[in-house]
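With the numbering used here applied, the sequence shown closes on residue 1407, and no number is skipped along the way. Glycine included, every Cβ here is placed at the ideal spot set by N, Cα and C.
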Amino acid sequence: MIVDIKYKNSASTQKSSNQVLFVDEKFTISSLKKHISTSEFSYISDLLKNREAKKKILIFDINSKKKIILIAISKSSSGFDLEKLGAKFFSILKDSNIKEYLIVSETLSYKLKNLIGHFVHGIRLKSYSFEKYKSKKNKKNISIQVIGKNIPEQKDRLKFNAIEEGTFYTRDLVSEPGNVLHPDEYAKRINSLKKFGLKINILDEKKLKKLGMNTLLGVGQGSIRGSYLVTMEWNGSKDKSKPLAFVGKGVCFDTGGISLKPAKFMEDMTYDMAGSAVVVGLMKSLALRKAKINAVGVVGLVENMPGGNAQRPGDIVKSYSGKTVEILNTDAEGRLVLADALTYTEEKFKPKFIVDLATLTGAIIVSLGSEYAGLFSNDDNLSKQLIKVGEKVEEKVWRMPLNKNFDKLINSKNADMQNINYVGGAGSTTAAQFLQRFILNKTPWAHLDIAGMAFSKYGGALNSGGATGYGVRLLNKLIEDHYE
Ligand code: BES
Ligand code: MN
Ligand code: ZN
924 MIVDIKYKNS
934 ASTQKSSNQV
944 LFVDEKFTIS
954 SLKKHISTSE
964 FSYISDLLKN
974 REAKKKILIF
984 DINSKKKIIL
994 IAISKSSSGF
1004 DLEKLGAKFF
1014 SILKDSNIKE
1024 YLIVSETLSY
1034 KLKNLIGHFV
1044 HGIRLKSYSF
1054 EKYKSKKNKK
1064 NISIQVIGKN
1074 IPEQKDRLKF
1084 NAIEEGTFYT
1094 RDLVSEPGNV
1104 LHPDEYAKRI
1114 NSLKKFGLKI
1124 NILDEKKLKK
1134 LGMNTLLGVG
1144 QGSIRGSYLV
1154 TMEWNGSKDK
1164 SKPLAFVGKG
1174 VCFDTGGISL
1184 KPAKFMEDMT
1194 YDMAGSAVVV
1204 GLMKSLALRK
1214 AKINAVGVVG
1224 LVENMPGGNA
1234 QRPGDIVKSY
1244 SGKTVEILNT
1254 DAEGRLVLAD
1264 ALTYTEEKFK
1274 PKFIVDLATL
1284 TGAIIVSLGS
1294 EYAGLFSNDD
1304 NLSKQLIKVG
1314 EKVEEKVWRM
1324 PLNKNFDKLI
1334 NSKNADMQNI
1344 NYVGGAGSTT
1354 AAQFLQRFIL
1364 NKTPWAHLDI
1374 AGMAFSKYGG
1384 ALNSGGATGY
1394 GVRLLNKLIE
1404 DHYE
């Protein structure tokens, strides 16, 4: 479905079209007199007497060709409240036969918080669907005109748009099946983001081998596809300040390897590259909105397959950090990819902080479901910032513990550490504790386990099901509120 949105500064004269008008939470309509006719006014006033108290969006059929839609907003509404209303509005118009709407912006009198911008943002985020492989596409075309003096400024429109484009790019990548988006193809797609001003560097197997990134390489060695570490740099700050670093797990498909996963739901593992996709989508949105910061995205791209050359349980590999790892379960592969990516990022870019994202453990779904991402961090300040901005954009994170006492669970007899905890318990924390060993210079670091957030079977407030793009708005807000 295509939703076309146009802005026009002029006042409304087109009373004949379907109008979207904002009112206060009591549905006071006296101020709407200049936008609707006297007969419409009395018709609506009459029907409002019996309105359902809970509904915030009311639709009035004026005649067979015209509807008036009233949307109730309170003074205390947040940007996210408006996004949710926009999304709800989209769900209504998706099922309706009307194709053209006029949003009359000056009926929303609370100008301050760019509420109209958030409303439209909600419409757009909810309208995304992945139809690439459907022969019959939904050809419905909805056109929305936003008119009047309260339309968002150009610079805010560009910002919302950049975040939408970034989120959609993430969702596209996550939605692609494993046979299409394997590491070779993925590296090529990231390379095409050069055109937005990102500096891309692709390290292929030969280079990774030279650098000694053996924990990453070990995961991909059973696949006929290549393994890669790709870096994306955005230099938007005039000074040479330290970059913010974002690292993502890009396991294009996770069969489990020789420690093979059961067949049921194995197809879900096409989204095991979601952490990397968030990093790529975020970098794209930073470039599109020309964010005034320096940032770097680093993603490890591999396919975890069984095969004649695949890694075996019991193998011992030496990581880029020099630390050795005994592989007890080839299905605990995300941490192996991230281990090398984290050390490399810290050493090469000397960032202000590192945030990594990964669909790392099934255990985090047991703990937090699809309500919160798990946050593990060595830094209270960064944690507080993430928790706060997460609430603002409703991409929430919940802090989970790290503690040296967990270390004994991943110490190995034969190497410096092992990649799983054989005793059992604390599956997400031991994974995070493993990652922490690869931050060598105490750089502020936060790990987000997004296994429960990346994909939604039923849809959420701002997505219609499938890949959610969770993380792009969270990290954009982190940057905007604290680092820009
Ligand atoms: N990619 C999975 C984690 C996952 C599970 C993501 C479900 C999304 C949905 C990860 O690589 C994995 O297999 N983790 C294992 C670790 C175990 C072997 C220690 C798990 O969670 O079972
Ligand atoms: Mn796995
Ligand atoms: Zn995995």
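DSSP-derived helix/strand/coil call for residue i
i: H1041; result: helix
i: I1362; result: coil
i: H1370; result: strand
i: V1174; result: strand
i: Q942; result: strand
i: A1200; result: helix
i: T1154; result: strand
i: K1241; result: strand
i: Y1024; result: strand
i: G1347; result: coil
i: R1322; result: strand
i: A1286; result: helix
i: T1247; result: strand
i: S999; result: coil
i: G1089; result: helix
i: A1218; result: strand
i: L1205; result: helix
i: A1390; result: strand
i: V1103; result: coil
i: E1407; result: coil
i: F1329; result: helix
i: F950; result: coil
i: K1163; result: coil
i: L1031; result: coil
i: N1334; result: coil
i: Q1234; result: coil
One or two residues paired with residue i in a DSSP bridge
i: D1339; result: None, per the DSSP bridge assignment.
i: K1410; result: This structure cannot speak to residue 1410, because the chain is shown only from 924 to 1407.
i: D984; result: K990
i: D1279; result: V1170, H1370
i: N1124; result: T1154
i: I1113; result: According to DSSP, I1113 bridges with nothing at all.
i: G1297; result: W1321, D1372
i: G1383; result: N1386
i: V1316; result: Its beta-bridge partners do not exist; DSSP assigns none.
i: I925; result: N1064
i: G1223; result: L1152, K1172
i: F1378; result: A1390
Integer-rounded CB distance, given that residue j should sit under 8 Å from residue i
i: G1388; j: K1380; result: 7 Å
i: L1398; j: L1205; result: 5 Å
i: I1021; j: V926; result: Actually they do not touch by this definition, with Cβ atoms about 13 Å apart.
i: M924; j: S1052; result: 7 Å
i: K990; j: I982; result: 6 Å
i: E1088; j: S1208; result: 6 Å
i: L1211; j: A1085; result: 4 Å
i: S1183; j: P1236; result: The sequence shown places Leu at residue 1183, rather than the Ser named in the question. Going by Cβ atoms, the distance from L1183 to P1236 rounds to 11 Å, so no, they are not a contact pair.
i: G1009; j: I952; result: Actually they are not in contact, since the Cβ atoms of G1009 and I952 sit about 21 Å apart, beyond 8 Å.
i: L1224; j: S1115; result: L1224 to S1115, Cβ: 15 Å. No contact.
i: E1226; j: G1143; result: 6 Å
Any non-hydrogen atom of the ligand BES closer than 8 Å to residue i Cβ
i: L1291; result: no
i: L1224; result: no
i: S1000; result: no
i: T1352; result: no
i: N1334; result: no
i: A1264; result: no
i: S1182; result: yes
i: M1228; result: no
i: I1408; result: The requested residue 1408 does not occur in the structure, where the chain is confined to residues 924 to 1407.
i: G1179; result: yes
i: T1284; result: yes
i: A1374; result: yes
i: D1191; result: yes
i: I1070; result: no
Residue i: CB within 8 Å of a non-hydrogen atom of the ligand MN
i: K1122; result: no
i: G1198; result: no
i: N1344; result: no
i: A1233; result: no
i: D1254; result: yes
i: G1171; result: no
Interface flag, residue i vs chain B, CB-CB below 9 Å
i: L1298; result: Chain labels in this structure do not include chain B; a single protein chain is all it has.
Contact test: residue i Cβ vs the ligand PLP heavy atom, cutoff 8 Å
i: A1296; result: Here the bound small molecules are the ligand BES, the ligand MN and the ligand ZN; the ligand PLP is not part of this structure.
Exercise. With distances taken from each beta carbon to the nearest heavy atom of the ligand ZN, which residues come in below 5 Å, in chain order?
Worked result: V1174, D1177, D1195, G1257
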